[in-house]
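There are 8 protein chains.
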Amino acid sequence: MTIFTEASAAGTPLVGIIMGSASDWDIMKNAVAVLEEFGIPHELNVVSAHRMPHDMVEYGTQAVDRGLRAIIAGAGGAAHLPGMMAALTPVPVFGVPVPSKYLRGEDSLLSIVQMPKGVPVATFAIGEAGAANAALHVVACMATTDSELLKKLIAYRCRQTEAARAMVVPPHVVM
Amino acid sequence: MTIFTEASAAGTPLVGIIMGSASDWDIMKNAVAVLEEFGIPHELNVVSAHRMPHDMVEYGTQAVDRGLRAIIAGAGGAAHLPGMMAALTPVPVFGVPVPSKYLRGEDSLLSIVQMPKGVPVATFAIGEAGAANAALHVVACMATTDSELLKKLIAYRCRQTEAARAMVVPPHVVM
Amino acid sequence: MTIFTEASAAGTPLVGIIMGSASDWDIMKNAVAVLEEFGIPHELNVVSAHRMPHDMVEYGTQAVDRGLRAIIAGAGGAAHLPGMMAALTPVPVFGVPVPSKYLRGEDSLLSIVQMPKGVPVATFAIGEAGAANAALHVVACMATTDSELLKKLIAYRCRQTEAARAMVVPPHVVM
Amino acid sequence: MTIFTEASAAGTPLVGIIMGSASDWDIMKNAVAVLEEFGIPHELNVVSAHRMPHDMVEYGTQAVDRGLRAIIAGAGGAAHLPGMMAALTPVPVFGVPVPSKYLRGEDSLLSIVQMPKGVPVATFAIGEAGAANAALHVVACMATTDSELLKKLIAYRCRQTEAARAMVVPPHVVM
Amino acid sequence: MTIFTEASAAGTPLVGIIMGSASDWDIMKNAVAVLEEFGIPHELNVVSAHRMPHDMVEYGTQAVDRGLRAIIAGAGGAAHLPGMMAALTPVPVFGVPVPSKYLRGEDSLLSIVQMPKGVPVATFAIGEAGAANAALHVVACMATTDSELLKKLIAYRCRQTEAARAMVVPPHVVM
Amino acid sequence: MTIFTEASAAGTPLVGIIMGSASDWDIMKNAVAVLEEFGIPHELNVVSAHRMPHDMVEYGTQAVDRGLRAIIAGAGGAAHLPGMMAALTPVPVFGVPVPSKYLRGEDSLLSIVQMPKGVPVATFAIGEAGAANAALHVVACMATTDSELLKKLIAYRCRQTEAARAMVVPPHVVM
Amino acid sequence: MTIFTEASAAGTPLVGIIMGSASDWDIMKNAVAVLEEFGIPHELNVVSAHRMPHDMVEYGTQAVDRGLRAIIAGAGGAAHLPGMMAALTPVPVFGVPVPSKYLRGEDSLLSIVQMPKGVPVATFAIGEAGAANAALHVVACMATTDSELLKKLIAYRCRQTEAARAMVVPPHVVM
Amino acid sequence: MTIFTEASAAGTPLVGIIMGSASDWDIMKNAVAVLEEFGIPHELNVVSAHRMPHDMVEYGTQAVDRGLRAIIAGAGGAAHLPGMMAALTPVPVFGVPVPSKYLRGEDSLLSIVQMPKGVPVATFAIGEAGAANAALHVVACMATTDSELLKKLIAYRCRQTEAARAMVVPPHVVM
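Protein chains in written order, with the UniProt record's numbering: chain L, 1 to 175; chain E, 1 to 175; chain S, 1 to 175; chain R, 1 to 175; chain W, 1 to 175; chain U, 1 to 175; chain C, 1 to 175; chain Y, 1 to 175.
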């Protein structure tokens, strides 16, 4: 029995998914879907760096003791949540650039990825793909010490490969 | 006697200048020079959002009670200091995008200016001009309730106008 | 009784909101809403830098004597209004980049924020958030010398924090 | 005898070259060189939109009566001089984006070229090429009503073509 | 009676408006509208640099002899028409960056404005505003030697100023 | 009888069209249409660099022996398929940047075109035009050793020229 | 005794650092320095996606069995190595955008971070900071199941905080 | 004996390398070096689209009859040479974006790659790598009908692979 099975039984979240606003949900739900598919216990919270800075600090400072092993943080525009969370805890932070209204997430991406030396945020693609991939990367990290999870991940990727292989593009007439 | 004169006498800083790293000094000293020219009492601190988050929180939460009337914050890359300071205090924050090594401050600018509704950072140009202008804007804000300072500001700008008027471009021969 | 209360009674605007065209209204109304919420007397004008340059000069040169303590200026594209207003008056100018049709406000942002040393424009985010934040920053600057207004601002931000705290993202099943 | 010959004799400038700062000279001298080559009477002035706005207005409002037939305006960063000059006079304005320190003139270009409908600025390339070309375009416009100048322009371009034709790239061995 | 009146009577076009494709019409019609408003005789042609290069060369080489005094050229994407036309004739060329499907005209703008020293294209804003302004700039250039046209242009701009002055933004309650 | 006629008869594909996902079809079908118009035998496959890397390797390593003379590869976002295919085979690769959801294909373009020295990918425009042009370029390359195909290509381009010549823009009244 | 201590004793690398060219070393050595500081056994290889694709495949397919728990991959320009490695192994990949000659790493960043859903690459800042942070993030991931390593990481960050706190900016005279 | 051997004997160039200015040589010589290494007969010319448009037309219209099987065209800024050459001949054109002074070749890249449907330019990376790769792609296209050349290309790439394999990054101490 792996640690994840134990944790699942206990219901203790291993991954914290946080986002700057409820409006980020449409993007961030893609991370949730992945974690659910892999049975990773997780929790969901709106933690706004700018409107709830003290809550953010509290979240960050308690993360280790609460047993979180990864934090997936999504934010848009001047997206400070992932980087600040990374500053507040040694728990690894995985950042998701949420698309912004006018700059389509270019601002979000740069605000998240361009962290200074010493305080990393693992950054993923802008939008839905990035949210899903942040969760998949968390799974991959956890799978390095959990052989059952690794099997699940390998199976997941095999299915993904098969799905791609099954794609057909409209028939054409060879002349 | 205006509040500034009193404050100067007392030595209590009215403006806090903070920056994410000592390496930002070459840019931020342009803000200091302006405040000194106008005799605005100020203080200088390195406050790294990412490496000193708790100090940053403390700085922000004490700002009102310490009597700060403006905070000038400079940072580069994923520049979170100005925005986080704005989240921590109602004291107005003036952000300076410090040029970054590879993206020349485009990342700094977007990380500072694209704040979400509710938590403003007044943002200025990338680099030296932005640092000086942040300070000049602080002076202008203070001058709205300090007629002596307003006189100084008007005089400063008159000198500036005169300096521009005195500029000559190399003579040429009219044919 | 604070100066704002007095001014309100007198109906004298303390803040001038100007924009380059009536088409900027959908963005700039967000600044108006904030000022109204805080009870800051203000005035609204279309002042086009390019189509009404002489009116713009007049507006700028009279701003101090008319008692304006802040000017919020919105413009899009080659957005010259905020910078020119800053050149014409020592009253602090707060610039709002209005989104442009093809470049989404990137041109507006750079045209406003990249002011040369000596003539600052405090710049905010592109679009609605920027308009609201320009007004909030004006409030914050005014609040530094008005304890009643500061209380209002702190209360506003507390409500904002509570609203963020109250956000819930769709429930999920912890496994 | 063409108007240009007359004007040359009288020494009355037909083209006003203005720039926001003496530091723009290294770029703008390329415009001067072209006008001198074609014998177009011109004048040179530093007219800072931001530090000398009233002088700028005066320059613009007098341009027609002073007999200017073109204004070449160079500026960098939040480059407002060309657009404001275009707002102040029906004399056609030719804008030169001067390279900026951090954004290499991208801000200058957008600030100049993205003018709203109704107030055009003819914009040219960033830097030296743009300055020379602004002057060449002025020459071309003037040449449409001055057959002598047209001959000169055609000759100039023929020389240019010959110079390009004379270019040789390092010899290589055909195998 | 000015040359324009004469030309109008004769119906000889003074301005050639060309575009790379009929699909550019929605943008370029804004240039036509301006020329019609000012009564400038003009002609309209699709001249594709890439699909009709020899026609383009012919158009360019005949431009002077056909009496054209300005060419307004619109194109999108890798927009070569304005620059090539400028290479083919001393008649001044005014370029309009037509918005492109994916890059919104950023490619069009750079392809048109970044001409090398020696072959200028006067460039205007991306899209509708740019098309109208190219035509207005042509009018301004022509007006430098046509006092009647100058009067019309000044009147046009006065109407424009009045229209801007007449703009009202939604009423608000001054407190 | 040229090689193409022979190949057509035999039905052996000379061109492989591959794309990273079936969702790229709407863009890539423009390449197919061109090849069909020219009667170039081709094949269509979804080959995902990221989800089917081993299939991709197989495709690349067999390309020469299978007789492919060109590979047209379309992909979006972090678009690795064209470059990896170029790494796997000496068969020339023609890359099509498929527009991405948030960055409109700017990421696709840079991921495809910025290949290091030694492993080229011939890159075309973002989107539909790029797909069609990749195929046309393949045709042009093949036509260099196939006089019949060259005739077809010349005829195709003549028709294209005629179509452009036939374009009319809405009539206007010459004044 | 943790797994890391065991692994260190055995000398088996837990982290593979790969880069597209030896010229990437100046950037990637910053990742090495971090791993050495934390005593994480690692290996260094040049694995060029474009010049050594089959070696890359081999590296990827063996990564799990060889016991790698993380792969740090650096590449510049059309940077495909991190994404392809992620396609080849469930071992988590951490990507470092190496600055490119002309686009300063913007192409590298987009080529690495914009991965499609299903195949994540954890991406870090362009250049030296990104390389160091990729390694720090690997350490943080490993520390989630290694309490000794977590202690080291916390100590490392404390030293980092102290170093930032010790920074002083040049003294100034409070007036 | 292949066609290339014959051509070499005859000295007839199969590839035309053209560039907009002699100043492009430092970039374009990288294309020459590749062609020389493969023994492809070629010719070198400065053909400026903007300063020598009629020569450019002549070059393009004669390309087929002169036996050219590929044209490699380099240009910078508003880079029209590759696209115009593609418009003038069915001979396939391979474009090289030459870095520009202020925009580092971003303008060159967009001006070359964003060609409209119907007139393709195969585009390569900005600068030296792009020039070399354009030539390598030409070689690859020619090799599809020349088995000797294909052998040479495969050998070239093998050497390239070996060179990459031989790269070592500084030794490190496995702990």
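Here a beta-carbon is modelled for each residue, glycine too, at the ideal position from N, C-alpha and C.
What is the DSSP secondary structure of residue i, counted as helix, strand or coil?
i	result
histidine 54 of chain L	helix
At 7 Å on the CB atoms, spell out the chain R contacts of residue i, in chain order.
i	result
alanine 125 of chain W	Val113, Gln114, Met115
Under 7 Å Cβ-Cβ, which residues of chain L neighbour residue i?
i	result
glutamine 160 of chain C	Gly118
If the cut is a Cβ gap below 8 Å, which residues of chain W does residue i touch?
i	result
phenylalanine 94 of chain R	Ala122
Residues of chain R with a CB under 9 Å from the CB of residue i: which are they?
i	result
histidine 80 of chain W	The contacting residues do not exist; histidine 80 of chain W stays about 15 Å from chain R at best.
Who are the near neighbours of residue i in its chain, counting only those whose CB is closer than 6 Å to its CB and skipping five residues on each side?
i	result
proline 92 of chain W	Ala70
methionine 115 of chain E	Gly83, Val121
histidine 80 of chain R	Ala49
isoleucine 112 of chain R	Ala79, Pro82, Gly95, Pro97, Val121, Thr123
For residue i, which residues in chain Y fall below 9 Å Cβ to Cβ?
i	result
alanine 134 of chain U	Pro120, Ala122
Quick one: residues in its chain with C-beta nearer than 7 Å to the C-beta of residue i, no 5 flanking neighbours on either side, listed in chain order?
i	result
leucine 153 of chain R	Val139, Ala140, Ala143
valine 174 of chain U	Confidence is the limiting factor: at valine 174 of chain U the pLDDT is only 43, short of 50, which leaves the residue's position unreliable, though a coordinate-based value still follows. Here the set comprises nothing.
glycine 130 of chain U	Val96, Pro97, Phe124
leucine 136 of chain U	Val34
Closer than 9 Å by beta-carbon distance: list the chain U residues that pair up with residue i, in chain order.
i	result
threonine 12 of chain Y	Residues of chain U passing the Cβ test: none, with the nearest at roughly 14 Å.
Residue i versus chain E: which residues are under 7 Å apart at the beta carbon?
i	result
tyrosine 102 of chain R	Pro99, Arg104, Gly105, Ile126, Gly127
How would you list, in chain order, the residues of chain R whose beta-carbon sits under 8 Å from the beta-carbon of residue i?
i	result
glycine 164 of chain E	Before going further, note that residue 164 of chain E is alanine rather than glycine in the sequence given. Within 8 Å Cβ-Cβ: Ser21, Val46, Ser48, Arg51, Met52.
Could you list which residues in chain S have their beta carbon closer than 8 Å to that of residue i, in chain order?
i	result
leucine 110 of chain R	Ala78, Leu103, Glu106, Asp107, Leu110, Ser111
In its own chain, which residues sit with a C-beta less than 8 Å from the C-beta of residue i, not counting the 5 before and 5 after it?
i	result
asparagine 133 of chain U	Phe124, Ala125
threonine 2 of chain L	Its pLDDT being 40, under 50, threonine 2 of chain L is placed unreliably in this model, and the coordinates cannot settle the point.
proline 99 of chain C	Ile27, Gly76, Gly105, Ser108, Ile126, Gly127
Please list, in chain order, the chain S residues whose beta carbon lies closer than 7 Å to that of residue i.
i	result
methionine 167 of chain W	Ser21, Ala22, Val46
Interface residues of chain L around residue i at Cβ under 9 Å?
i	result
isoleucine 154 of chain C	Val64, Pro90
List, in chain order, every chain W residue whose beta-carbon is nearer than 7 Å to that of residue i.
i	result
leucine 150 of chain R	Pro90
Name the chain Y residues whose beta carbon is nearer than 7 Å to that of residue i?
i	result
threonine 61 of chain U	Residues of chain Y passing the Cβ test: none, with the nearest at roughly 12 Å.
So which residues on chain L does residue i lean against when the C-beta distance must stay under 8 Å?
i	result
threonine 84 of chain E	Contrary to the premise, residue 84 of chain E reads as methionine rather than threonine in this sequence. In chain order: Ala49, His50, Pro53, His80, Met84.
What are the uninterrupted segments assigned as alpha helix (DSSP H) that are 4 or more residues long and contained completely in the UniProt domain "PurE" (13-164) of chain R, given in chain order?
25-38, 53-62, 81-88, 106-113, 128-143, all fully within the UniProt domain "PurE" (13-164) of chain R.
Residues within the stretch 42-54 of chain L neighbouring chain E, beta-carbon criterion of under 9 Å
Against chain E - using a Cβ distance shorter than 9 Å - the residues of the stretch 42-54 of chain L are Ser48, Ala49, His50, Arg51, Met52, Pro53, His54.
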